[in-house]
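Taken in order, these protein sequences are the chains called A and B. The first sequence begins at 434 in the working numbering and counts up by one. The second sequence begins at 10 in the working numbering and counts up by one. Working notes, structure below.
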Amino acid sequence: MIPDWLTPAIMTIITASTPLVFAAVGEIMVEKSGVLNLGVEGMMIMGAVAAFAIGVTTGSATLAILFGALAGLVLALIFGLLTLNLRANQVATGLALTLFGLGLSALIGHSFVGETFSGLPKLDIPFISKLPIIGPLVFGQDVLVYMSVASVFFAGWFLNKTRWGLVLRAVGENHDAAHAIGHPVNFVRMMAVLFGGSMAGLGGAYLSLAYTPLWVENMTAGRGWIALALVVFASWRPGRAIFGAYLFGGITILQLHVQGFGVAIAPQLMSMLPYLATIVVLVLISHDVNRFKLSAPACLGKTFHPSQ
Amino acid sequence: MAIRLEPRGEVSQGMIYGSPLVAVAATLVSGLVLFAILGVSPLDALFTFFISPVSSLDGWTELFVKATPLVLIAVGLSFGFQANVWNIGAEGQLTIGALAGGGLALLFFEAESVLLLPAMMIAGILGGMAWAAIPAFLKTKYNTNEILTSLMLVYVGLLVLSWLIHGPWKSPDGMNFPESRLFHDQATLPVFVSETRLHIGWLIALAVVLTSWIVMARHIIGFQVKVIGMAPMAARFAGFNENKVIWIALMISGGLAGFAGMIEVSGPIGKIQPMISPGYGFTAIIVAFLGRLHPVGVLFAGMLMALTYLGGDAAQIELNLPNAVTGVFQGMLLFYLLASDVLVKYQIRLGPSAPIVFKAGPSK
């Protein structure tokens with residue numbers, strides 16, 4: 434006998450996890466190329482506000498999703514120009530991206546507070562989408578959920594099975610060697626950064642279009658930073674990142690449900706769970722220094738200049 | 010013709026101090042464009058934003074009130090940033106400092122002792138230190154990235170604040186608003202310019218600037234911090250204890266952030282409320298960079314950033330613009346600063362690239 438609450442519970446976990454999947458997979462690609470972009474939070478929130486603004490004004494979900502990705506991409510372009518072309522410090526530039534994104538999104542979103550979006554249409558195949566459990570879970574999601582899962586497979590395939598994936602990893606492991614055999618280090622990195630930006634933008638778009646279809650200032654609430662932690666948790670592997678994202682989605686939903694069951698714990702204390710879990714996970718992954726160094730890209734965060 | 014960046018033989022001292030000026034100028038020009046897009050007269054808006062808030066004595070005192078936490082926190086962060094210790098959770102340390110200091114004021118609510126205020130200050134510092142000790146411990150013991158842990162603790166700290174003022178610390182006579190009782194006079198920072206809000210916290214911030222200037226220039230810790238940041242290998246060979254520097258950097262920045270939090274609740278706010286800081290802990294990161302990680306630079310950068318808060322308020326009241334404009338200005342300023350900092354280490358050359366010179370031996 435299958436309990437009635439199971440399917441909706443798993444559905445909400447998927448909704449809570451999808452933004453993290455997008456952002457984490459995008460950032461894995463970026464970090465694999467040797468770039469540390471700490472601006473995920475800023476790119477996500479810009480994706481969220483752009484998607485929502487376009488969605489509300491045009492009513493088109495497709496345009497909304499496109500502009501969400503585009504907003505993340507534009508912010509990533511600023512990051513790329515600063516760190517790759519002008520060789521600015523990656524940590525500082527990433528922080529600047531987040532601060533700027535939070536400010537600009539609040540400014541843009543100001544006139545959209547209180548509006549709502551109709552939400553994303555869900556796949557509906559006659560008969561099949563009505564099957565118990567797997568019907569709604571597998572055949573009844575919206576397009577972004579499918580895209581997020583596809584992106585995991587794409588990233589895994591690209592990094593491990595294609596020539597350009599190999600080049601990208603080479604650039605991230607040893608940029609001097611990659612440069613010496615003629616690979617365009619900064620071009621590869623810029624492409625990775627732009628991909629990461631559009632993925633973060635999509636994650637943000639999912640937040641404001643599907644998760645809570647309205648605009649609230651700072652609505653990403655640290656999810657960009659959690660995605661960065663997930664990259665470490667996943668040892669830079671896309672397959673593990675989706676597992677981690679669903680684990681965190683599960684924790685987020687669990688704490689909401691515990692409150693719903695009337696457990697006598699202050700809601701604020703329960704809301705700490707995802708953040709505390711992030712810290713615990715980071716400690717577990719990082720404490721073995723040697724294993725950590727083996728899985729992290731060797732040139733992560735280092736600036737490349739061909740003449741040095 | 011191509012534009013290229015060529016490394017300078019040594020860093021340009023002129024550009025180290027010139028690039029903040031370039032960045033401010035570029036931000037002002039972009040501000041004109043931004044205001045034009047928002048549909049207000051750009052020059053009027055710029056005047057409202059940057060000049061009108063400081064066109065009176067009252068305005069200047071408000072500027073110092075806002076600059077106090079920014080300067081305190083940024084001085085602390087500068088220590089760490091020089092040693093590549095990235096504490097970006099100052100907002101959380103500020104919150105816990107405010108709760109520790111303010112908690113003491115609530116605990117000894119009826120106390121009429123002159124010792125209460127100093128005790129609150131110490132509690133605030135210890136609160137911030139305790140919160141920063143978590144990333145320090147995890148970094149030195151378990152190799153855990155302090156950027157992510159200190160940031161996660163910001164959210165946890167804000168939730169602690171929310172929990173306390175919705176529950177145990179909620180004012181009994183506050184009509185169910187989520188805020189604490191107003192502190193008594195004994196728990197409030199004295200004001201030293203009458204008729205204004207300018208409290209002695211500003212004088213303390215000035216003293217902190219002076220002290221850390223001396224420490225960075227003269228004390229061995231200042232030297233070690235700089236060496237670890239610039240040449241970690243050399244520092245290891247010289248036998249500097251890296252873990253010790255991580256602890257010191259986080260304790261100084263955490264303690265000062267906690268102190269800033271205590272000053273906010275005991276100074277301009279006078280109680281514990283849901284929002285203690287409009288993001289001072291994050292803005293202080295910009296202040297630290299803009300001030301070139303130097304205490305005196307931080308002092309001026311802190312005043313400039315304080316002006317963007319006052320400007321945002323003025324633009325909201327007089328021009329009906331959302332005060333999120335402040336955040337946009339702050340972000341832009343940091344972008345331009347990072348971009349113009351390229352000229353510290355590199356020079357721009359026009360024309361085809363120089364012939365490749367093969368150097369003997371490993372180049373790095």
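Note that the Cβ used here is the ideal one computed from N, Cα and C, for glycine as well. Just so it is clear, the structure is predicted and the values come from calculations on it, not from any experiment.
Exposed unless 16 or more other CB atoms sit within 10 angstroms - verdict on residue i
i: I8(B); result: With chain B running from 10 to 373 in the structure shown, residue 8(B) is simply not present.
i: M239(B); result: exposed
i: R358(B); result: exposed
i: I718(A); result: buried
i: E273(B); result: buried
i: N470(A); result: buried
i: M242(B); result: exposed
i: S159(B); result: buried
i: S189(B); result: buried
i: K373(B); result: For K373(B), the predicted structure reports a pLDDT of 42, less than 50, and the residue's modelled location is therefore unreliable. A value from the coordinates is still provided. When all chains shown are included, K373(B) counts as exposed.
i: R124(B); result: Inspection of the sequence shows that residue 124(B) is occupied by Leu rather than by Arg. Exposed, since its Cβ has fewer than 16 Cβ neighbours within 10 Å.
i: K726(A); result: exposed
i: G682(A); result: buried
CA-to-CA distance, residue j to residue i, given in whole angstroms
i: G513(A); j: L627(A); result: 8 Å
i: L553(A); j: D575(A); result: 6 Å
i: W69(B); j: M652(A); result: 34 Å
i: R13(B); j: T104(B); result: 46 Å
i: R17(B); j: G536(A); result: 35 Å
i: W172(B); j: W256(B); result: 29 Å
i: V621(A); j: T495(A); result: 28 Å
i: G48(B); j: F694(A); result: 50 Å
i: A324(B); j: T490(A); result: 27 Å
i: A132(B); j: M703(A); result: 27 Å
i: G542(A); j: E650(A); result: 7 Å
i: L2(B); j: V169(B); result: Residue 2(B) lies beyond the range of chain B shown here (10 to 373); nothing can be said about it.
i: Q22(B); j: R670(A); result: 43 Å
i: G134(B); j: A310(B); result: Note that residue 134(B) is Ile in the sequence shown, not Gly. The alpha-carbon atoms of I134(B) and A310(B) are separated by roughly 23 Å.
i: M161(B); j: I261(B); result: 19 Å
i: M10(B); j: F455(A); result: Below a pLDDT of 50, predicted positions are generally treated as unreliable, and M10(B), at 47, falls in that range; the measurement from the model is reported next regardless. Whole-angstrom Cα-Cα distance: 41 Å.
Minimum Cβ-Cβ distance from residue i to chain B less than 7 Å
i: M476(A); result: no
i: V626(A); result: no
i: F591(A); result: no
i: S562(A); result: no
i: R673(A); result: no
i: V507(A); result: no
i: F737(A); result: no
i: M705(A); result: yes
i: Y644(A); result: no
i: Y639(A); result: no
i: W438(A); result: no
Within-7 Å CB hit, residue i to chain A
i: F192(B); result: no
i: I294(B); result: yes
i: L352(B); result: no
i: V94(B); result: no
i: Y289(B); result: no
i: A348(B); result: yes
i: M10(B); result: Because M10(B) carries a pLDDT of 47, less than 50, the predicted location of this residue cannot be relied on, and no value is offered for it.
i: A35(B); result: no
i: S171(B); result: yes
i: A216(B); result: no
i: M314(B); result: no
i: Y164(B); result: yes
When the Cβ atoms of the segment 168 to 186 of chain B are set against those of the segment 697 to 711 of chain A, are three or more pairs found closer than 8 Å?
yes
Should the segment 709 to 718 of chain A be called in touch with the segment 298 to 316 of chain B, which here means at least 3 C-beta pairs below 8 Å?
no
Examine the Cβ distances between the segment 108 to 124 of chain B and the segment 290 to 305 of chain B and report whether three or more of them are shorter than 8 Å.
no
Between the segment 25 to 34 of chain B and the segment 345 to 357 of chain B, are three or more C-beta pairs nearer than 8 Å?
yes
Length at least 4, wholly inside the segment 435 to 498 of chain A: the alpha helix (DSSP H) runs in chain order:
439 to 465, 473 to 491
Would you be able to state if there are at least three C-beta pairs under 8 Å between the segment 453 to 466 of chain A and the segment 657 to 665 of chain A?
yes
Please give the ranges of any beta strand (DSSP E) in the segment 669 to 693 of chain A, keeping only runs that are unbroken, at least 3 residues long and fully inside the region.
none
Within 8 Å, do at least three Cβ pairs link the segment 324 to 337 of chain B to the segment 730 to 738 of chain A?
no
Are the segment 59 to 66 of chain B and the segment 213 to 233 of chain B touching, with three or more C-beta to C-beta distances below 8 Å?
no
With three or more C-beta pairs closer than 8 Å as the rule, is the segment 275 to 282 of chain B touching the segment 192 to 199 of chain B?
yes
Give the list of continuous alpha helix (DSSP H) stretches no shorter than 4 residues that lie fully inside the segment 29 to 107 of chain B.
51 to 55, 66 to 91
So within the segment 524 to 573 of chain A, which uninterrupted beta strand (DSSP E) runs reach at least 3 residues, ignoring any that extend past its ends?
none
With three or more C-beta pairs closer than 8 Å as the rule, is the segment 628 to 648 of chain A touching the segment 470 to 485 of chain A?
yes
Tell me the start and end of each unbroken beta strand (DSSP E) in the segment 148 to 178 of chain B that is at least 3 residues and wholly inside, in chain order.
none
Decide yes or no for the touch test of the segment 579 to 593 of chain A against the segment 474 to 487 of chain A: beta carbon pairs closer than 8 Å, at least 3 of them.
no
Which runs of the alpha helix (DSSP H) at least 4 residues long sit entirely within the segment 587 to 652 of chain A? Give them in chain order.
596 to 606, 608 to 613, 618 to 639
Only counting runs of 3 or more residues, tell me where the beta strand (DSSP E) segments fall wholly within the segment 174 to 223 of chain B, in order along the chain.
none
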